[in-house]
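Peer 1: My numbering puts the last residue of the sequence shown at 438; the count rises by one with no breaks.
Even glycine gets a Cβ: it sits at the ideal position worked out from N, Cα and C.
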Amino acid sequence: MDQVSMTPQERIEKAIIDSYDYGSIDPEDLAFILSLTPKDAKLAEMVFYAARIKRHSLFKNKIALYGFVYLSTHCHNNCSFCNYRASNHALKRYRKSPSEILEVASELTESGVHLVDLTLGEDEHYLNGKGFEQLLKIIDTISSRYRAPVMISPGVLDLSRLKEAKAAGASWYALYQETFNRTLFRELRPDQNFSKRLHAKRLARDVGFHTEDGILVGVGASTADLVYSVLSMTQGDNLQMRAMAYVPVPGGLAPDPNVDPSWQELLVIACVRLISPHAFIPASLDVDGLAGLGRRLNAGANVVTSIVPPSKGFCGVASMDLDIDNSNRSVKTVTETLREFDLEPFNHESYSNSYHVYYRREAIEANKFFSRDLPPNEVKMRRKFRTVFKNAFSGLKSFDFYYETMISAKQILSEFESEIYDDDNQDDN
Ligand code: MD0
Ligand code: SF4
């Protein structure tokens with residue numbers, strides 16, 4: 010059956026089954042999913058549901074929590090979507106001192122975050138000379154003394170700085186491409202080099218970093234652009250991938266009137282989960298605060314990012330102060346929300362073990378379903394998921410039926426849990 014003669018449900022089923030069979034989704038089907046609107050909520054829920062099952066198959070009900078330290082809001086760049094662009098003279102900027110940074114990082118790790126994300130604008134002070142050495146010391150203290158993995162998000166770094174940061178103890182490098190359409194990229198990140206930015210992530214992986222890439226939605230990308238960006242990003246060997254809705258900034262890029270960016274963000278999250286089930290995918294508190302967390306988790310995210318302690322004068326990125334000083338961005342409030350969705354934070358050891366999912370990815374991608382090289386559990390799990398979906402979808406008469414299937418799938422999930430995790434070394438108790 011070609012895509013044209015399919016019903017919308019059939020099309021989505023095909024995309025989901027393809028994601029199991031081939032680890033990818035046809036561009037046309039992806040375009041169909043990414044252009045669903047809030048009016049198509051029931052169709053979208055099929056995608057979100059499949060994304061949750063995929064998340065569960067690799068991560069169970071465990072979610073990672075990342076602390077966020079925006080240590081300097083000085084920046085020489087002029088990104089049109091960003092409050093901290095150099096041309097925004099209306100903004101009061103700050104540059105925190107090493108002791109302020111360490112104080113907030115230690116508070117975050119004590120509160121239970123799994124990782125500390127050190128983010129800064131492209132600030133000459135911290136990226137050169139003495140400032141960079143201070144930054145290296147900070148990385149070293151957090152990773153060795155506070156024993157927390159460190160992510161750095163300092164913009165494009167050259168190879169020697171990447172090596173130094175890695176040697177100091179950083180393990181993650183985040184650098185968002187925002188779009189893979191180069192024309193749009195020039196509008197978003199004027200005077201920056203698309204290829205150099207992409208290459209920096211490759212260099213980072215070469216020196217041993219895990220990398221994160223990201224797409225910004227609601228900035229005027231066509232559906233085709235968005236499809237291209239999702240497919241490009243998921244081919245890029247990133248262990249973490251995100252979508253973030255554009256929060257309009259005063260005097261900056263005008264928001265795209267044709268899309269609801271927070272909604273489209275959910276669709277991208279779910280599609281990335283289907284294509285790259287092993288990925289860490291953030292639900293950021295930075296866009297819609299705590300209130301937006303549930304729907305992002307429902308779409309298949311498995312990391313809560315942008316946990317920021319209150320009353321310390323540290324900002325977010327997309328939203329500068331949303332939910333910070335009311336303490337809504339804390340491990341405690343986030344954990345309460347997780348519970349409402351039958352989810353809970355990883356314990357710290359199982360968080361580190363969860364990386365192994367990534368290292369099996371190559372085997373998974375190369376061998377797909379039926380290879381004998383896959384661990385027996387993996388083969389079993391994949392066969393079983395596929396059957397569940399086939400059965401659920403072949404009997405699909407109406408959405409009511411679909412919702413019934415969802416309930417019985419809960420049952421099946423708990424069965425998976427024992428099967429997949431029993432002898433698979435990934436248990437975390
Ligand atoms: C977030 N505000 O996670 C942060 C930021 C940078 N690595 C991350 C965009 O929402
Ligand atoms: Fe600077 Fe980053 Fe903002 Fe661009 S997005 S202006 S690099 S802080």
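At a cut-off of 8 Å, would you count residue 160 as near the ligand MG, judging by its Cβ distance to the nearest heavy atom?
Peer 2: As for the ligand MG, it is missing from this structure, which binds only the ligand MD0 and the ligand SF4.
Peer 1: Can you tell which of 182, 256, 154 has the C-alpha that lies nearest to the C-alpha of residue 165?
Peer 2: Nearest option by C-alpha distance: 182.
Peer 1: On a CA-only basis, which of 155, 312, 329 is nearest residue 259? Give me that one, please.
Peer 2: If we check each option's Cα against that of residue 259, 329 comes out closest.
Peer 1: Quick check: does the Cβ of residue 90 come within less than 8 Å of any heavy atom belonging to the ligand MD0?
Peer 2: No, the ligand MD0 has no heavy atom inside 8 Å of this Cβ.
Peer 1: Give the DSSP-derived three-state secondary structure of residue 305 in the structure shown.
Peer 2: The answer is helix: DSSP assigns residue 305 an H, G or I state.
Peer 1: From the DSSP output, which residues share a beta bridge with residue 182?
Peer 2: According to DSSP, residue 182 bridges with 161, 220.
Peer 1: From the DSSP output, read off the bridge partner residues of residue 314.
Peer 2: Paired residue(s): 293.
Peer 1: Any heavy atom of the ligand MD0 closer than 8 Å to the Cβ of residue 44?
Peer 2: Outside the cutoff, so no.
Peer 1: Inspect the beta-carbon positions of residue 245 and residue 89 and report whether they are closer than 9 Å.
Peer 2: In this structure, residue 89 does not lie closer than 9 Å to residue 245 by Cβ.
Peer 1: Tell me the rounded alpha-carbon separation between residue 226 and residue 296.
Peer 2: Their Cα atoms are separated by approximately 11 Å.
Peer 1: For a minimum of 3 consecutive residues, which ranges assigned as the beta strand (DSSP E) are wholly contained in the stretch 22-54?
Peer 2: Those beta strand (DSSP E) runs which fall completely within the stretch 22-54 and span 3+ residues do not exist here.
Peer 1: When you compare each of 285, 357, 319 to residue 249 by their alpha carbons, which one comes out closest?
Peer 2: Measuring from the Cα of residue 249, the nearest candidate turns out to be 285.
Peer 1: Any idea if residue 30 is buried or exposed, counting beta-carbon neighbours within 10 angstroms, 16 or more meaning buried?
Peer 2: Burial call: exposed.
Peer 1: Give the secondary structure of residue 15 by DSSP, where H, G and I count as helix, E and B as strand, and everything else as coil.
Peer 2: Three-state result, residue 15: coil.
Peer 1: List the endpoints of the continuous alpha helix (DSSP H) containing residue 361.
Peer 2: Taken as a continuous stretch (DSSP letters only), the alpha helix (DSSP H) holding residue 361 covers 357-362.
Peer 1: Return the chain-ordered ranges of every alpha helix (DSSP H) run that is complete within the stretch 83-148 and spans a minimum of 4 residues.
Peer 2: Here the runs fully enclosed are 107-120, 133-136.
Peer 1: Do you know whose CA, among 311, 290, 122, 55, lies nearest residue 338's CA?
Peer 2: Of the candidates 311, 290, 122, 55, the one whose C-alpha sits nearest the C-alpha of residue 338 is 122.
Peer 1: According to DSSP, is residue 320 helix, strand or coil?
Peer 2: Note: residue 320 maps to coil in three-state DSSP.
Peer 1: In the DSSP assignment, find the alpha helix (DSSP H) that holds residue 194 and state where it starts and stops.
Peer 2: Residues 191-197.
Peer 1: Closest to residue 20 by C-alpha separation, out of 33, 52, 46, 32, would be which residue?
Peer 2: It is 52 whose Cα lies nearest to the Cα of residue 20.
Peer 1: Confirm the yes/no value for this check: CB of residue 3, any heavy atom of the ligand MD0, distance under 8 Å.
Peer 2: Residue 3 is absent from the structure shown; the chain starts at 10 and stops at 438.
Peer 1: Helix, strand or coil for residue 282 per DSSP?
Peer 2: Residue 282 falls in the helix class under three-state DSSP.
Peer 1: I'd like to confirm the pairing. Which residues does DSSP put opposite residue 225 in its beta bridges?
Peer 2: Partner(s): 253.
Peer 1: Please determine whether the Cβ atom of residue 202 lies at a distance below 8 Å from any heavy atom of the ligand SF4.
Peer 2: Because no heavy atom of the ligand SF4 lies under 8 Å away, the Cβ of residue 202 does not count as near it: no.
Peer 1: To which residues of the same chain is residue 334 closer than 8 Å at the C-beta, ignoring the five residues directly before and after it?
Peer 2: Same-chain partners within the cutoff: 319, 320.
Peer 1: Grab the span of the alpha helix (DSSP H) containing residue 171 for me, first residue to last.
Peer 2: Taken as a continuous stretch (DSSP letters only), the alpha helix (DSSP H) holding residue 171 covers 168-177.
Peer 1: Give me the Cα-Cα distance between residue 38 and residue 27, rounded to the nearest whole angstrom.
Peer 2: Those two C-alpha atoms are separated by around 10 Å.
Peer 1: For residue 81, report the span of its alpha helix (DSSP H) as first-last.
Peer 2: First-last for residue 81: 71-81, but that is the beta strand (DSSP E), not the alpha helix (DSSP H).
Peer 1: Bridge partners of residue 266, per DSSP?
Peer 2: Partner(s): none; residue 266 has no beta bridge.
Peer 1: With C-beta atoms as the reference, is residue 308 less than 9 Å away from residue 276?
Peer 2: Yes, they are a contact pair.
Peer 1: Taking one C-beta from the stretch 138-151 and one from the stretch 351-363 each time, how about it: are there three or more such pairs within less than 8 Å?
Peer 2: No contact exists between the stretch 138-151 and the stretch 351-363.
Peer 1: Within its chain, find whatever has a CB closer than 6 Å to the CB of residue 252; leave out the 5 residues flanking it on each side and keep chain order.
Peer 2: 224, 226, 274, 277, 278.
Peer 1: Is any heavy atom in the ligand MD0 found nearer than 8 Å to the beta carbon of residue 75?
Peer 2: True, at least one ligand heavy atom lies under 8 Å from that Cβ.
Peer 1: Taking the alpha-carbon positions, what's the residue 56 to residue 280 distance?
Peer 2: Cα to Cα, residue 56 sits roughly 8 Å from residue 280.
Peer 1: Please classify residue 126 as buried or exposed, where buried requires at least 16 neighbouring CB atoms within 10 angstroms.
Peer 2: By the neighbour-count rule (16 or more Cβ atoms within 10 Å), residue 126 is buried.
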